[in-house]
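Below is one structure, written out as structure tokens; the observations come after it.
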Amino acid sequence: MTTNRPLDALDQAKGKRIIIRLKNGDQIAGVLKAFDLHINVWLEDAEQINSEKKIKLGTVIVRGDNILFASPE
Amino acid sequence: MTTNRPLDALDQAKGKRIIIRLKNGDQIAGVLKAFDLHINVWLEDAEQINSEKKIKLGTVIVRGDNILFASPE
Amino acid sequence: MTTNRPLDALDQAKGKRIIIRLKNGDQIAGVLKAFDLHINVWLEDAEQINSEKKIKLGTVIVRGDNILFASPE
Amino acid sequence: MTTNRPLDALDQAKGKRIIIRLKNGDQIAGVLKAFDLHINVWLEDAEQINSEKKIKLGTVIVRGDNILFASPE
Amino acid sequence: MTTNRPLDALDQAKGKRIIIRLKNGDQIAGVLKAFDLHINVWLEDAEQINSEKKIKLGTVIVRGDNILFASPE
Amino acid sequence: MTTNRPLDALDQAKGKRIIIRLKNGDQIAGVLKAFDLHINVWLEDAEQINSEKKIKLGTVIVRGDNILFASPE
Amino acid sequence: MTTNRPLDALDQAKGKRIIIRLKNGDQIAGVLKAFDLHINVWLEDAEQINSEKKIKLGTVIVRGDNILFASPE
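Taken in order, these protein sequences are the chains called A, B, C, D, E, F and G. Counting in the numbering used here, the first sequence runs from 1 upward without gaps. Counting in the numbering used here, the second sequence runs from 74 upward without gaps. Counting in the numbering used here, the third sequence runs from 147 upward without gaps. Counting in the numbering used here, the fourth sequence runs from 220 upward without gaps. Counting in the numbering used here, the fifth sequence runs from 293 upward without gaps. Counting in the numbering used here, the sixth sequence runs from 366 upward without gaps. Counting in the numbering used here, the seventh sequence runs from 439 upward without gaps.
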């Protein structure tokens, strides 16, 4: 078993599209530009997706403590 | 009595399927790839299970502060 | 007065059955295998007890920040 | 004015009965055996008191972040 | 402008009566005996005041994270 | 671009009247006497303003974790 | 892949107008003057935007733990 760390999965997703599920139930999708140990996340070409609609956000920095999980598309 | 630590139980579950119970009541099941001291968890072949349905998630990084408990299947 | 620390009470309960009361009102009972300073807890032969039913959990790692109190049976 | 610290009041209460008021409105009373800087508290002969009833708990370790206040009887 | 720190205001209130407003809307009044950097507070001759009644508490240690603000009478 | 820090804005407001918006929706206005890195704030001649009324508070120390934002008048 | 950090996106937005989405659903827009590692943010010419109205705030320091995400306009 190699000594992977969970944030290695995010590292592999840099430059690719990921989906962020927020604690409030909404989702934000975008191209992962950068992240840090708090799971603060910088997305480009981002859009917010809730149960009713999609909203274009462009560049967005999501504060990590709002995140439930992140998943590469 | 040996000096086990609670995260040793997760270490033994690496490469196996575990169930994550979230504070919001949902569950996420998947193969445990990696975790850290915050109990941030990297799962492969994950799916989210709530009271109504299962949703395929694939690769997912769950932020540890959302977790109620983790249990090997 | 000896210089006891509160987690000494958990240390004495290692290998014995304890009950964990969660902040959400549920309880988890099981044999205490290990714990740490965050009160992350590893239980064996665990079962979750809420107002309506008991659910077998087997091995479980409870994240400490969900815990209201722990009590040896 | 002496340089008292607030936890000195708990130190004076060791071996005596105290009441813990929880953030959720319940109370736990018991003999204070030990506490730490997080105000994690070890009580003996404890009982939980809510608006409707008293429940015998025996030995209990209350995680400090649930506590509103503590008061010697 | 002198280099005051906000807790200096509490230091000046030692031995005097202060009112603690809690996040849950209740108030606790008492004579300030000691406090620390977390704003854990030790009060003597304390009483809890909510919208309906006053309750005598005597000696009380309020965990700082419950406090909205403190105010000397 | 100079290397300003966000709390420099509070430093410039010392001795002047500021408005504190709380997470619970209320506001507290007063003369800023001191603050620290947690944004604990010491106000003089303070008053609490909610949707229904103003309440004189005099000297008040607001615990920083209750604050949504601060704004010089 | 360069070693960007998520707060670099905020650094590039200094002196420009950004939108802060708060956890409570409101938004605050303004010219970004400064920020720190907690994502405490200093805005000039700020206004608060909720579902019903816009409110002029002028200079404002938003405590970082209220922020859901930040986005350059």
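Positions of the beta carbon are idealized from the N, C-alpha and C atoms, including for glycine.
Neighbourhood of residue i by C-beta, 6 angstroms cutoff - its chain only, sequence neighbours within 5 removed
i	result
S363 of chain E	I311
V114 of chain B	F108 and V135
D264 of chain D	G249 and V250
G88 of chain B	none
A374 of chain F	none
C-beta atoms of residue i and residue j nearer than 7 angstroms
i	j	result
L286 of chain C	E193 of chain C	Outside the shown range of chain C (147 to 219) lies residue 286 of chain C, about which nothing can therefore be said.
V31 of chain A	R21 of chain A	no
V206 of chain C	L189 of chain C	yes
I320 of chain E	G356 of chain E	no
N139 of chain B	L68 of chain A	yes
N123 of chain B	D99 of chain B	yes
First and last residue of the uninterrupted beta strand (DSSP E) at residue i
i	result
P364 of chain E	I359 to P364
R240 of chain D	R236 to L241
G322 of chain E	Q319 to F327
K392 of chain E	The structure shown has nothing for residue 392 of chain E, since chain E only spans 293 to 365.
I185 of chain C	It is not in any beta strand (DSSP E) - I185 of chain C carries neither H nor E in the DSSP assignment.
Continuous alpha helix (DSSP H) stretch holding residue i: start and end
i	result
L153 of chain C	L153 to Q158
Other residues of its chain near residue i: CB distance less than 8 angstroms, five sequence neighbours each side excluded
i	result
K96 of chain B	N139, I140 and L141
T3 of chain A	none
R78 of chain B	none
Own chain partners of residue i with C-beta closer than 7 angstroms, once the 5 adjacent residues on each side are dropped
i	result
A13 of chain A	L32 and P72
I493 of chain G	E485 and Q486
E344 of chain E	none
Inset, instruction - Return the residues of the region 103-117 of chain B that lie within a Cβ-Cβ distance of less than 7 angstroms from chain A, sorted by chain order. - result: K106, A107, F108, D109, N113, V114 and W115
Inset, instruction - Return the residues of the region 2-32 of chain A that lie within a Cβ-Cβ distance of less than 8 angstroms from chain G, sorted by chain order. - result: So the list reads K14, G15, L22, N24 and I28, given in the order they occur along the chain.
Inset, instruction - Using a Cβ-Cβ cut-off of less than 8 angstroms, list which residues of the region 126-144 of chain B approach chain A; keep chain order. - result: L130, G131, T132, V133, I134, V135, R136, D138 and N139
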